[in-house]
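I have placed the structure first, in the form of structure tokens, so that the comments after it can refer back to it.
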Amino acid sequence: MTSLRFDLKATCAALAHSPLFQGLDPDELEGIARAMNRRRYRRHEVIFHEGDPGDALHLVVDGRVKIARESAEGEEAIVVILSPGDTFGELVLLDGAPRSATAIAVEAAETLAMSRESFAALIDGTGPFRWRVLGAIAQRIRRVTDQLAEVHFLDLSGRLALQLSRLAEESTPGQTADIELRGTLTQSDLAAMIGGTRQRVNQILGEFEDEGLVRHDGGRVVILDLVRLRERAAW
């Protein structure tokens with residue numbers, strides 16, 4: 061991890077891009093920006109480990125970050141992959157528990173970090189921010205509920221179709237064909253996101269390619285027909 065020189069203008073711009081901070085007036089935004097520390101992480105560098113004390117909230121400014129759990133046997137399960145504007149690490153600042161998952165830079169990434177003390181002061185002093193934090197927590201709960209339903213109702217092929225559909229919608233909102241998934245995403249990553257193996261994901265991608273749904277070459281995946289891919293994920 062490398063600490064970067066503070067840049068007020070760039071920090072305010074990054075905060076304004078995040079749903080958690082959008083709509084705050086310029087003075088509030090500037091005050092929050094001054095409480096942030098810019099940090100740079102190398103590809104695959106761990107930002108924090110599961111079990112670490114929770115000392116900061118992070119906002120992704122550049123690159124992508126995965127939140128993952130690991131079994132005793134070393135098998136990884138990816139909970140979510142975060143993009144610029146997303147925040148993570150706020151839950152433990154509310155309940156004081158250790159980190160419940162590990163955060164890792166998928167690629168070279170930059171974050172803005174806010175200390176527990178600054179976060180607590182912001183929660184206590186800004187009503188709209190408090191409600192946004194609660195909204196973010198509600199989204200996390202909703203995502204976990206969806207994931208439980210997907211495991212129950214969809215087979216591995218359906219879960220992969222659903223995950224690829226979501227990644228496509230995040231990459232190019234509104235586009236339904238010829239969508240190249242952004243960033244580096246390996247078949248092992250996809251397997252860890254849906255509870256499968258790399259070999260099985262490779263096999264299903266081949267089936268999707270035969271059906272004209274996707275085109276894949278190593279780590280590069282292009283969604284050819286998002287509408288039909290979504291249909292494969294229906295239950």
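Taking my numbering, the leading residue of the sequence shown gets 61, the next gets one more, and so forth.
Glycine residues also receive a C-beta, built at the ideal position from the N, C-alpha and C atoms.
- By the criterion of at least three beta-carbon pairs nearer than 8 Å, the stretch 61 to 74 is not in contact with the stretch 125 to 138.
- Looking only at 133, 157, 189, 116, the smallest Cα-Cα distance to residue 78 is reached by 189.
- When DSSP assignments are scanned along the stretch 95 to 164, the uninterrupted stretches of beta strand (DSSP E) that are 3 or more residues long and fall wholly within it turn out to be 96 to 101, 106 to 108, 116 to 122, 125 to 130, 136 to 142.
- With respect to the 8 Å criterion, residue 124 and residue 142 are classified as neighbours on the basis of their beta carbons.
- When rounded, the separation of the alpha-carbon atoms in residue 132 and residue 254 is 18 Å.
- Burial of residue 219 is indicated by the presence of at least 16 other C-beta atoms within 10 angstroms of its C-beta.
- With at least 16 other beta carbons inside 10 angstroms of its own, residue 261 counts as buried.
- Excluding five sequence positions before and after residue 276, the CB atoms of its chain that fall closer than 7 Å to its own CB belong to 265, 269, given in chain order.
- In this structure, DSSP gives residue 253 a helical state, which the three-state scheme calls helix.
- Look at the beta carbons and you see the stretch 84 to 96 not touching the stretch 194 to 209: under three pairs across the two are nearer than 8 Å.
- Two segments are said to touch when three or more pairs of C-beta atoms, one from each, lie closer than 8 Å; by this definition the stretch 104 to 117 does not touch the stretch 195 to 215.
- Pairing residue 273 with residue 93, the inter-Cα distance amounts to about 44 Å.
- Residue 156 and residue 173 have their C-alpha atoms spaced approximately 17 Å apart.
- Taken through DSSP and simplified to helix, strand or coil, residue 269 comes out as helix.
- For residue 170, the enclosing beta strand (DSSP E) has its first and last residue at 169 to 175.
- Membership of residue 275 in the beta strand (DSSP E) is indicated by the continuous run 274 to 277.
- In terms of Cβ geometry, residue 289 and residue 231 do not form a close pair [threshold 8 Å].
- Ranked by Cα distance from residue 282, the options 237, 130, 105 are led by 237.
- Following the DSSP letters along the chain, one finds residue 280 in no alpha helix (DSSP H) but inside the beta strand (DSSP E) bounded by residues 280 to 283.
- For residue 225, the enclosing alpha helix (DSSP H) has its first and last residue at 216 to 231.
- With respect to residue 161, residue 127 sits close: the two C-beta atoms are nearer than 8 Å.
- In the three-state reduction of the DSSP assignment, residue 178 falls in the helix class, which pools H, G and I.
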